[in-house]
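Data first, discussion second: the structure below is written as structure tokens.
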Ligand SMILES: Nc1ncnc2c1ncn2[C@@H]1O[C@H](COP(=O)(O)OP(=O)(O)OP(=O)(O)O)[C@@H](O)[C@H]1O
Ligand SMILES: [Mg+2]
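Chains as they are written, first to last, in the numbering used here: chain U, 43 to 300; chain G, 2 to 368.
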């Protein structure tokens, strides 16, 4: 399913870099999963990453908030380099929101408590203030009436929107999405994509791993195609979809656009 | 989506009524088929053979009056007299007779505190202070020596207060220690991980009795001349160390049941290790393992009776010593039934409470 809404990206990326990745390598044991990634993401830039399964897309964005450790190269997020310095890691994680394929809401907490957990304990915001912010973002993802429920009582699409709101409550500078809609039933994909499009329109810096090509066309500034741990091709969405240069890209596009 | 309202197409029907009332239930559950009917009849027959004679023995023909050992010998039924005559010794052991109101109040206070703490709405910070005050009052009552209370050596403590002391504090101290050990065993730091593994496996490799022996006989040999550590305390520590190892393994199982995604979600919000564990992982993991944890706590509660072998006069020992008196010899069934009832009340309330807690904690959330 593709998102047909055609919108011009409103905010153009400014020149200063938000994320800088230089010659990034990662191994899982013997497996060379990322083989020299170079990528600069500017402030307010929106990037879509696609590629076949196992190509290292998740690994790449998980390195950006250090859910995975890289072994070579450098990652600099908003001027702070990711090293083993735990304080830096926590600082970067608080600045970088992450949305997972399987939502990963906390099932033992209500929706509202899911949203206020980070602000209260990491940002040290008073509970009342945090709850106001949480309600604001729940309104934004059109789900404020579910605040007192538990995650298990919501549909997949609703859960994913809560997960997005949870990240937004931390007031992040960057949002990472790892296949946010691929665990959802078709009729719920749109409600999640709509929220993401809205977020894009407000100028959030986003890196989205997705195969929703409609979303890529309407929102992304750049589309990256990854294969075997490398960025094989990188282009504007228009060029990427109409004029893929590499054989691998063509093959891949023919498969997902079938 | 908007035009289609599912309600319009939905006309609810009540489920068909097939069985109603007591008769229906009996038919459906006890007599549905030959084999089942046969089993039901067989069990009814066994009940008939056991229950009326027991009632006759325990109630109709029994002797209840205190100090009626003579009447007991003649009666056909149970001699509850062994309990009623010796109840104060069984419950309080060698605690000075005139002072036994003190352990009584201490126990009532303890029950009150436990009841108060069992309510989830009372789980606030103030609970810690309430317990601190309660412990101080209980300790003062038991020990005496201030506020004009006659001092009572801990060697005189015994019976139910001792059993409660060993189990309540044994269990409440073992639980957090077990959780810490479980976290240690899953730690990324090899030093901590290995220490935890060695501790858990060593302790689980020996019976509680041998730990108690070590605490009471071997451990004092290593102490310098003149230094003694209270015997009750040593037994207490042995019980704590023992129970903690078992709790650690159960909790580890619970931790393994939490998906990696939960850790990642917590970490990606910027929560550090301690907060991730405290706010996200442990609340879920500990809830999953409530049933096996309670099994361990229940068996630990009963195992406190093993302190008999290091000559602590717990409930078991006081009962035994009553039975060794020539006057009461031969009435052990009655005395042990009484003892069993006391232990049962403790165990049953634990398992009952755990089920209630489990129900409350999983309200609204399903996966
Ligand atoms: N924790 C891990 N340990 C070992 N190997 C891993 C681990 N996580 C991922 N891999 C391997 O690394 C490679 C890249 O995985 P990654 O999850 O980044 O792929 P992906 O592009 O996100 O794929 P998908 O579209 O299926 O999500 C795969 O070959 C995968 O098997
Ligand atoms: Mg992936």
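All residues carry an ideal CB built from backbone N, CA and C; glycine is no exception.
- Of the other Cβ atoms in all chains shown, 16 or more fall within 10 Å of the Cβ of residue 96(G); this residue is therefore buried.
- Annotated three-state conformation of residue 145(U) is coil, per DSSP.
- In this structure, residue 99(U) has its CB closer than 8 Å to one or more heavy atoms of ligand 2.
- At a cut-off of 9 Å, the C-beta of residue 157(G) has no neighbouring C-beta in chain U.
- By the C-beta density criterion, residue 45(G) is exposed, having fewer than 16 other C-beta atoms within 10 angstroms.
- In the DSSP assignment, residue 275(U) falls within the unbroken beta strand (DSSP E) covering 272 to 277.
- Apart from the 5 residues on each side of it in sequence, residue 145(G) sits with its Cβ closer than 6 Å to the Cβ of 151, 152 and 153 in its chain, given in chain order.
- Taking C-beta atoms as the reference points, residue 106(U) and residue 91(U) fail to come closer than 9 Å.
- At a cut-off of 9 Å between beta-carbon atoms, residue 361(G) makes no contact with chain U.
- Taking 7 Å as the Cβ-Cβ cut-off, the segment 252 to 280 of chain G approaches chain U at 262, 263, 265, 266, 268, 269, 270, 271, 272, 273, 276 and 280, given in chain order.
- The closest heavy atom of ligand 2 lies 8 Å or more from the beta carbon of residue 23(G).
- For residue 297(U), no beta strand (DSSP E) run applies; the uninterrupted alpha helix (DSSP H) run containing it begins and ends at 289 to 298, by DSSP.
- Assignment of residue 112(G) by DSSP, reduced to helix, strand and coil, places it in the helix class.
- Here residue 287(G) has 180, 252, 255 and 294 as same chain residues with Cβ atoms under 8 Å from its own Cβ, once five neighbours each way along the sequence are excluded.
- Of the candidates 156(U), 192(U), 81(U) and 66(U), the residue whose Cα lies closest to the Cα of residue 176(U) is 156(U).
- Residue 159(U) has its alpha-carbon roughly 9 Å from the corresponding atom of residue 172(U).
- Going by DSSP, residue 320(G) is part of the alpha helix (DSSP H) stretching over 316 to 324.
- The residues 64, in chain order, have a CB closer than 6 Å to that of residue 72(G) in the same chain once the five nearest residues on each side in sequence are set aside.
- Think of a sphere of 9 Å around the beta carbon of residue 288(G): the chain U residues whose beta carbon falls inside it are 150, in chain order.
- In the three-state scheme derived from DSSP, where H, G and I count as helix and E and B as strand, residue 285(U) is classed as coil.
- Residue burial is scored here from C-beta neighbours: residue 146(U) has at least 16 other C-beta atoms within 10 angstroms and is therefore classed as buried.
- Counted as a single uninterrupted DSSP element, the beta strand (DSSP E) harbouring residue 62(U) occupies residues 59 to 70.
- With respect to residue 223(U), residue 234(U) sits close: the two C-beta atoms are nearer than 9 Å.
- For residue 77(U), the three-state secondary structure derived from DSSP is strand.
- With a threshold of 16 other beta carbon atoms within 10 Å, residue 286(U) meets it and is buried.
- Within the segment 121 to 142 of chain U, contact with chain G at the beta-carbon level (separation under 7 Å) is assigned to 132, 135, 136, 140 and 142.
- Rounded to whole angstroms, the Cβ separation of residue 263(G) and residue 148(U) is 7 Å, and the two are in contact under 8 Å.
- Put simply, the CB of residue 67(G) is far from chain U, with every gap to its CB atoms at 9 Å or more.
- Within 7 Å of the CB of residue 284(G), the CB atoms of chain U belong to 150, in sequence order along the chain.
- Close partners of residue 212(U) in chain G (Cβ separation under 8 Å): 270 and 271.
- With respect to the C-alpha of residue 274(U), the residue from 292(U), 257(U), 262(U) and 263(U) having the closest C-alpha is 292(U).
- Residue 241(G) is not a Cβ neighbour of residue 163(G), given a cutoff of 9 Å.
- Just so you know, the alpha carbons of residue 37(G) and residue 55(G) end up roughly 27 Å apart.
- Distances taken from the Cβ of residue 221(U) to the heavy atoms of ligand 1 include one shorter than 8 Å.
- For the 9 Å CB-CB criterion, residue 182(G) and residue 245(G) form a contact.
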